[in-house]
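Student: Here the sequence shown stands for residues 1 to 238, where the numbers follow my numbering.
By construction, the Cβ of each residue, glycine as well, lies at the ideal position given by its N, Cα and C atoms.
This is the structure I want to talk about, given as structure tokens.
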Amino acid sequence: MRPIGRSGGGPRRATPGSLADNTPGGNVLVSKPVVTAGIVLALVATMVALVIPATLFKEPRALSTASTAAAGSPDDGLGTINTPFGPLTALDRDLMNRVRQAGLWELPSGAVAQKSTRAAVQEAGRHLIDGHTALDQDVLATAKALNWQVPDQPSAQQRGWLAQIQAAPPGDTADKLFVNLLRNAHGKVFTAVAQARSQSQNSLVRGLASRANNVVLDHMNILEATGLVDPVFAARLS
């Protein structure tokens, strides 16, 4: 019979700092640091398994919420009002306000452009006057039919733009200021008009949005035709 140990004793004792594996196949010594490291790794793996799925699911929701807020409709706190022409929402009311206020500062801006020595700038001014004269009557009639009171003056920012245009001495700088301020403003309202046309369930507002879309697009084209649109210059304007 084969001896179990060299000195006839039983299994080898575990020395301090190690654990003895007394399995039938032999004596395996496993150090305590190895066991400790294994436990730590197991804990880390468990935490990673819990954290990563939470992060993966949480981040898209956060991004989705932010995107919704950025692209969401305006909220004036009045909710949806029922009318004979369909529901009137905050988005619809915002469109009427925007169209009205656009005319209140762009009409006098167009009048200033008539003093330019550039034929292209004068032409752009005429388009602004003609377009917003008709559109202003349109939005007033629409608002009256929907029992909505539109603003009677431009926003503070629009008044600031108009003041810059009116104060600029005639010449290249004045022309460039006029074209770029108006082109920037039309780009912003163009997006709002498109959103209202796409989402509104009110037949009068949809009609107004369609007509406003044509006017705004015409103004963008005629302003760009002056050759004075300058993104770098426009970025410095307030």
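Do leucine 223 and arginine 183 come within 7 Å of each other at the CB atom, strictly closer than that value?
Tutor: As a working mapping, residue 183 is identified with position 183 in the sequence shown. As a working mapping, residue 223 is identified with position 223 in the sequence shown. In this structure, leucine 223 lies closer than 7 Å to arginine 183 by Cβ.
Student: Sorted by chain position, which residues of the same chain lie with C-beta nearer than 7 Å to serine 210's C-beta, five sequence neighbours on each side aside?
Tutor: On the sequence shown, residue 210 is found 210 positions in, with the first residue counted as 1. Around serine 210: Arg197.
Student: So, helix, strand or coil for leucine 182, using DSSP?
Tutor: Counting from 1 along the sequence shown, the entry for residue 182 is found at position 182. Helix at leucine 182.
Student: Out of Asp76, Gln158, Gln137, point me to the one whose CA is closest to valine 189's CA.
Tutor: Taking the first residue of the sequence shown as 1, we reach residue 189 at position 189. That would be Gln158, whose Cα lies nearest to the Cα of valine 189.
Student: May I ask you to check if the CB of arginine 98 is nearer than 6 Å to at least one heavy atom of the ligand SAH?
Tutor: The model depicted lacks the ligand SAH and carries no ligand whatsoever.
Student: Can the beta-carbon of aspartate 92 be found less than 7 Å from the beta-carbon of valine 205?
Tutor: To locate residue 92, count along the sequence shown from 1; it is residue 92. To locate residue 205, count along the sequence shown from 1; it is residue 205. Yes; because the gap between Cβ atoms is below 7 Å, this pair is in contact.
Student: Determine the DSSP secondary structure at leucine 237, reduced to helix, strand or coil.
Tutor: One-based indexing of the sequence shown puts residue 237 at position 237. Three-state DSSP puts leucine 237 in coil, outside helix and strand.
Student: Tell me whether alanine 167 is buried or exposed, calling it buried when 16 or more other Cβ atoms sit within 10 Å of its Cβ.
Tutor: Within the sequence shown, the letter at position 167 stands for residue 167. Per the 10 Å Cβ criterion, exposed.
Student: Take phenylalanine 233 and list the residues in its own chain whose beta-carbon comes closer than 8 Å to its own, dropping the five residues that flank it on each side.
Tutor: Reading the sequence shown from its first residue, position 233 is the one you call residue 233. So the list reads Lys176, Asn180, once near-sequence residues are dropped.
Student: Round the Cβ separation of glutamine 153 and leucine 104 to the nearest angstrom and send it over; I've been treating them as touching at under 8 Å.
Tutor: Within the sequence shown, numbered from 1, the residue matching residue 153 stands at position 153. Within the sequence shown, numbered from 1, the residue matching residue 104 stands at position 104. 6 Å between Cβ atoms; contact.
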